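A.B. asks: Just so we're aligned: 287 in UniProt numbering is position 287 of the sequence shown, and the numbers increase by one with no gaps anywhere.
Idealized CB from N, CA, C, for every residue including glycine.
Quick caveat, the model's predicted, so the values are computed rather than measured.
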Amino acid sequence: MTEQQSLASLSSSADTASSKEPDYRAIHSAMPSVFRIALPVPLPTLFDYLPPTVGEPGVGSRVLVPFGRSKAVGVVVQADVPAQVGSAKLKRVLRVLDDAPLLDPELMQSLAWAADYWLGAPGEAYANALPLLLREDKPLPETQEPIWALTIAGRSALDAGSRRGGSQALLQTLLAGPMSASGLDTALPGWRPAARRLAEAGLIERGKVMPAPGFSASAPKLSMHAEQEAAVAEVTEAFGRFQPFLLDGVTGSGKTEVYLSLIERSLAAGRQALLLVPEIGLAPQTVRRLRERLGVPVEVLHSNLAEGERARAWLRMRSGEAKVVLGTRSAVFTPLPYAGLIIVDEEHDGAYKQQEGFRYHARDLALVRARALQVPVLLGSATPSLESLANVEAGRYRALHLRSRPAATQPPRVQIIDMRAQRLEHGLSPALLHAVDETIARGEQVLVFRNRRGYAPVLLCHGCGWHAECPRCEHALTLHAAWRKLVCHHCDLQAPVPAACPACGSQDLKPQGQGTERLEEALAAHFRAVPVLRIDRETTRRRDAFEQLLGNLQQDAPAILVGTQMLAKGHDLPNLTLVAIVGVDEGLLSVDFRSGERLAQLVVQVAGRAGRARKPGRVLLQTHHPDHPLLRTLLAQGYASAAKELLAERRQTGLPPYGHQLLLRCEAHQRATVDAFLAEACAALPVVDGLQIAGPMPAPMPLRAGRQRGQLLIESASRRDLHAAARPWSMLLAQLPNARKVRWSLDVDPIDLY
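(1) Going by alpha carbons, who is nearest to Val530 out of Gln605, Gln445, Ala476 and Pro457?
(2) Tell me the rounded alpha-carbon separation between His28 and Pro82.
(3) Tell me, which residues are paired with His401 by DSSP?
(4) Rounding to the nearest angstrom, what Cα-Cα distance links Ser303 and Gln272 in this structure?
(5) Among His434, Arg241, Ala390 and Phe527, which residue has its Cα nearest to the Cα of Leu645?
(6) Which same chain residues end up closer than 7 Å to Pro131 when comparing Cβ atoms and leaving out the 5 residues on each side of it in sequence?
(7) Grab me the residues of Gly463's own chain with a C-beta within less than 8 Å of its C-beta, minus the 5 sequence neighbours each way, in chain order.
(8) Could you work out which residue in Leu184, Ile152, Lys741 and Val96 is closest to Pro146 when comparing CA atoms only?
(9) Do you know how far the Cα of Val748 is from the Cα of Leu713?
(10) By alpha-carbon positions, which one of Gly60, Ala115 and Ala435 ends up nearest to Arg727?
(11) Taking only beta-carbon positions, decide if Val687 is within less than 8 Å of chain D.
(12) Taking only the alpha-carbon atoms, compute the straight-line gap between Thr328 and Tyr259 and give it to the nearest angstrom.
(13) Who are the near neighbours of Phe242 in its chain, counting only those whose CB is closer than 6 Å to its CB and skipping five residues on each side?
(14) By how many angstroms is the C-alpha of Gly165 removed from the C-alpha of Cys461?
(15) Can you find at least 3 beta carbon pairs, one from the segment 614-634 and one from the segment 573-581, that sit closer than 8 Å?
(16) Please indicate yes or no: does the CB of Val584 lie closer than 7 Å to some heavy atom of the ligand SAH?
(17) With three or more C-beta pairs closer than 8 Å as the rule, is the segment 358-369 touching the segment 118-128?
(18) Please go through the same chain and pick out, in chain order, the residues whose beta-carbon is closer than 6 Å to the beta-carbon of Ser381, but skip the five residues on each side of it.
(19) Taking the beta carbon of Ser9 as the centre, do at least 16 other beta carbons fall within 10 Å, making it buried, or is it exposed?
(20) May I ask which residues mark the beginning and end of the beta strand (DSSP E) holding Cys461?
(21) Could you tell me which residues DSSP pairs with Gln661 in its beta bridges?
(22) Quick check on the DSSP output: the alpha helix (DSSP H) that includes Trp113 runs from which residue to which?
(23) Below 6 Å CB to CB, which residues in the same chain sit around Leu599 once its five sequence neighbours on both sides are set aside?
(24) Can you give me the C-alpha to C-alpha distance between Arg288 and Glu205, rounded to a whole angstrom?
(25) So what's His434 in DSSP terms, helix, strand or just coil?
(26) Would you call the segment 511-520 in contact with the segment 492-501, where contact means no fewer than 3 C-beta pairs closer than 8 Å?
(27) Report yes or no: do the segment 581-595 and the segment 617-628 share at least 3 C-beta pairs separated by less than 8 Å?
(28) Measuring alpha carbon to alpha carbon, tell me which of Arg719, Ser33, Gln711 and Ala679 ends up nearest Tyr658.
(29) Going by DSSP, name the residue or residues bridged to Asp749.
(30) Mind checking who Lys510 pairs with in its DSSP beta bridge?
(31) Using 8 Å as the threshold, is the segment 702-711 in touch with the segment 662-680, meaning 3 or more CB pairs across them?
(32) Alpha carbon to alpha carbon, how far is His475 from Ala699?
(33) Using a threshold of 8 Å, state whether the C-beta atoms of Trp113 and Gly207 are closer than that.
(34) Between which residues of its own chain and Val300 is the CB-CB distance below 7 Å, once the five residues before and five after are set aside?
(35) Sort Asp48, Leu336 and Gln605 by Cα distance to Met317 and report the nearest one.
(36) Got a sec, what are the start and stop residues for the alpha helix (DSSP H) Pro629 sits in?
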């Protein structure tokens with residue numbers, strides 16, 4: 001029976017039995033008024049609770065409620081609404097945690113939009129907006145920052161020289177006077193472990209709270225060239241209204257100076273500014289530059305901060321006490337009651353997309369918030385995403401261009417090294433090694449870029465062909481020679497390196513391919529008199545390790561850097577004149593439709609590290625495919641032309657940004673369970689014209705961490721049609737017979753089909 005038939009049947013029954021009809025209005029009026037609350041659980045619903053016995057929480061307030069056999073902290077989304085069930089089935093709010101709503105109306109509205117658009121559980125969306133400390137049943141922390149100072153015993157210890165290393169450095173730093181935590185973060189990264197030791201010994205003490213430290217501008221303004229001035233003027237003219245801008249500036253063209261000038265103008269107008277960066281590694285140097293230039297406190301929000309620091313920064317922005325916040329993806333949820341400007345640096349970067357839980361995209365959410373706040377939003381990149389370029393093409397964004405590099409004599413010269421028929425040394429061609437030798441002889445620095453960490457991606461038996469494979473992923477294990485371990489880069493399984501081949505007993509085990517660790521070893525052996533620094537996830541695990549590694553570089557001395565994409569953006573090394581990119585071919589041969597865009601962006605970003613000061617730069621690309629059309633276009637005509645060709649291909653094939661995608665992923669221990677759930681999900685899809693369905697099918701990586709994986713891809717030329725089908729479908733998925741037997745998730749606008 002259809003819904004319309006059901007309604008007609010009910011209407012007919014009501015006509016024939018009107019004398020027996022219950023008084024629905026009376027029943028409705030007997031329903032109690034409740035609070036509708038978002039709880040941090042992965043369920044697509046809000047929860048009704050009766051009012052507390054004491055207090056009256058407003059929308060946006062946190063409350064403590066009973067949930068199952070325990071308690072949970074939730075956010076009030078609606079107040080004084082009629083319940084959908086009788087009061088006998090409802091529980092009461094236990095306690096109101098906030099005197100005033102913690103989340104303002106704009107943030108509540110933006111979060112509701114985000115949960116709807118990305119089909120996330122509303123409770124997870126609201127929880128994402130709060131630092132972890134504010135999701136707990138605890139009093140709000142003081143927003144004013146504590147200070148650290150030397151004690152008399154600390155001065156004596158410093159005079160006696162009884163402390164070494166980080167402890168001595170902290171004592172020496174505090175000798176000039178008390179300092180705040182944020183001040184110490186800037187002056188002495190990695191100070192906290194030493195502070196704990198010294199505080200326990202009574203050599204330093206935590207002082208009483210004081211107002212956040214004032215900063216005096218110490219860095220002079222740089223003179224801007226005409227393109228920079230035009231960009232600043234155009235964005236400034238849009239203050240007070242929503243207008244997206246795309247700042248398309250070649251590497252080294254001075255985008256950061258544009259950001260600083262605009263933030264200064266926002267501050268002069270008494271407004272707040274939010275600056276997003278894609279990675280934690282970019283935050284320390286950026287915050288230092290902001291603080292030196294702006295002369296005001298700059299709040300920082302990223303996952304490496306202590307929870308108390310994150311909560312205090314968030315609350316200071318909420319109160320308006322702070323005016324500038326710099327952060328990674330999650331900082332997009334920062335309250336901005338006096339918003340003036342939002343900036344997203346490196347807007348093309350995939351790190352802005354959350355890949356688990358609530359799968360939002362920080363760049364896109366920044367645009368939504370800017371519209372709600374009626375402020376301009378500036379997206380900056382040397383290699384804009386195809387989505388942003390398509391929005392410029394459609395007239396939704398306004399383009400601003402920075403085409404010159406004011407600090408450099410000329411753009412870096414890019415050359416292709418044809419690796420075919422060459423005798424390679426650990427994956428390095430003779431021409432590349434010769435170029436490195438010449439650069440080092442001039443006292444300059446080199447970056448050898450390889451976007452693959454570890455020593456070698458495969459350990460192979462030369463006798464029988466066996467190779468080390470992860471039993472949980474059916475994927476090759478990567479050899480990490482320094483650890484003497486085999487590591488799966490997908491599930492983190494670790495295994496010892498076998499002394500002999502498990503299949504044939506041969507001891508002729510050979511590492512195949514090159515990772516950053518092997519390149520570091522080879523270059524260190526070849527250039528013994530020159531420091532070789534490796535910068536990848538292994539060498540930067542400790543807090544502030546990235547900054548310390550770069551700090552070890554002598555600016556005017558020769559050195560070789562070996563690194564992954566951590567070094568691809570945002571770092572100015574004035575003596576770096578040669579960039580060698582190894583392993584281009586993986587991007588050229590990938591089946592992922594986004595691989596061409598990502599490779600072009602990576603090549604341009606890495607190449608942009610060379611010749612950023614007065615010395616000319618040079619870039620070498622090693623490849624077995626020197627005639628590949630993408631490489632030729634990129635080198636001959638630049639990123640803009642390559643992106644234009646890629647956009648034409650996407651338009652012809654109906655792929656994003658000209659088509660829209662929704663990916664249902666699921667995994668379970670048994671392949672049959674995965675297939676059964678995906679088949680049920682496919683059958684439950686509403687019939688909507690224009691939807692294209694790919695699958696059910698195994699994921700590109702069918703087995704990961706011992707779990708079978710599958711997916712269903714839904715595509716449409718219309719975003720509206722896709723969401724019209726997806727919203728009711730997402731509510732049905734949890735009710736499917738096999739839903740409880742699998743882990744499943746929905747990804748709207750996926751950037752990775754794996």
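C.D. replies: Per the coordinate set shown:
(1) Gln445
(2) Note that His28 scores 43 on pLDDT, short of 50, meaning its location in the model is unreliable and no value can be drawn from it.
(3) Asp248
(4) 22 Å
(5) Residue identity check: residue 645 is Glu in the sequence provided, not Leu. The shortest Cα separation from Glu645 among His434, Arg241, Ala390 and Phe527 belongs to Ala390.
(6) Glu307, Arg310, Ala311 and Trp314
(7) Cys501, Cys504, Ser506 and Asp508
(8) Leu184
(9) 10 Å
(10) Ala115
(11) Absent from the structure is chain D; it holds one protein chain and no more.
(12) 16 Å
(13) Ala370, Arg371 and Gln374
(14) 46 Å
(15) yes
(16) Absent from the structure shown: the ligand SAH. Ligands present: none.
(17) yes
(18) Glu346, Glu347 and His348
(19) Model confidence at Ser9 stands at a pLDDT of 31, short of 50, so the residue's coordinates are unreliable; what they give is reported in the following sentence. When all chains shown are included, Ser9 counts as exposed.
(20) Val458 to Cys461
(21) Glu715
(22) Pro105 to Tyr117
(23) Gly587
(24) 25 Å
(25) helix
(26) no
(27) yes
(28) Arg719
(29) DSSP lists no partner for Asp749.
(30) Leu460
(31) yes
(32) 14 Å
(33) no
(34) Ala283, Val287, Ala313, Leu326 and Gly327
(35) Leu336
(36) Pro629 to Gln637
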